[in-house]
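Working notes, beginning with the structure itself.
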Amino acid sequence: MEQLHINRARTSVCELSLFCVKMRVNIYSCLLVFVLGCNVTAAIKHVTVQEKQSVSLSCPHYVVGEMTWSRETNGHRVDILTADVNWDKKHIPDPDRRYSSLVDKSLYIRSVTVSDSGRYFCDNEAAVQLTVIPPAAPHLWQPVRLVIGGVFLIIMISITVTAWTEARQKQKRRATQRENDV
């Protein structure tokens with residue numbers, strides 16, 4: 005009997021250790037996939053702004069010396085500006101002075117337009133995917149809401165006035181009835 009108990013215990017330990025090994029492999033596999041996924045997606049930042057706002061796009065790595073910002077739209081890449089500590093050299097026409105760099109060499113775009121959407125590169129390395137959305141259109145239901153709100157207000161006032169008038173009439177009838185009873 006004791007021999008049987010020992011064999012069961014050994015089997016259980018073997019089964020447990022095999023289970024533990026499989027679990028460890030699964031856990032390590034999941035961690036590896038997670039870490040690799042983080043490294044791949046962390047390289048490019050997604051930024052969404054509304055048209056006419058300003059935005060600052062930062063480089064994912066530290067750059068010593070000059071740094072060139074460029075934008076890719078529909079597979080075509082265009083250099084925007086090269087920045088250094090004390091100066092910016094623009095590579096595109098910028099009559100409204102919308103593009104500039106900040107102290108940390110981030111690209112600053114003033115009053116963005118939908119055409120500013122695209123993938124931005126910092127020294128030929130993908131840095132930011134910028135999406136510019138048009139300003140929110142006035143809500144078409146706004147006038148309908150106002151009408152419904154006005155109708156609701158009129159109905160509530162009518163109900164209140166009617167209830168108040170009925171209560172006042174009941175009060176007068178009771179007063180008249182008391183006078184008649186006396």
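Residues 5 to 186, numbered by the working numbering, are exactly what the sequence shown covers, in order.
C-beta atoms are modelled at their ideal positions from N, C-alpha and C, and glycine is treated no differently.
- Just so you know, the alpha carbons of R123 and I159 end up roughly 55 Å apart.
- As far as DSSP is concerned, R114 takes part in no beta bridge.
- Taking a cut-off of 8 Å on C-beta distances, the region 166–173 does not touch the region 76–90, as fewer than three cross pairs fall below it.
- About 19 Å separates the CB atoms of V59 and V67; that is not less than 8 Å, and the two are not in contact.
- Ranked by how close their Cα comes to the Cα of P99, the residues S110, I48 and R114 have R114 in first place.
- If you ignore the 5 residues before and after I137, its C-beta comes within less than 6 Å of the C-beta of Q54, all in its own chain and listed in chain order.
- If you draw a straight line from the Cα of T117 to the Cα of P139, it is about 10 Å long.
- V132 is a Cβ neighbour of V51, given a cutoff of 8 Å.
- Assigned with DSSP and collapsed to three states, A167 falls in helix.
- The three-state secondary structure of I48, taken from DSSP, is coil.
- Per DSSP, the continuous beta strand (DSSP E) segment holding C126 begins and ends at G122 to C126.
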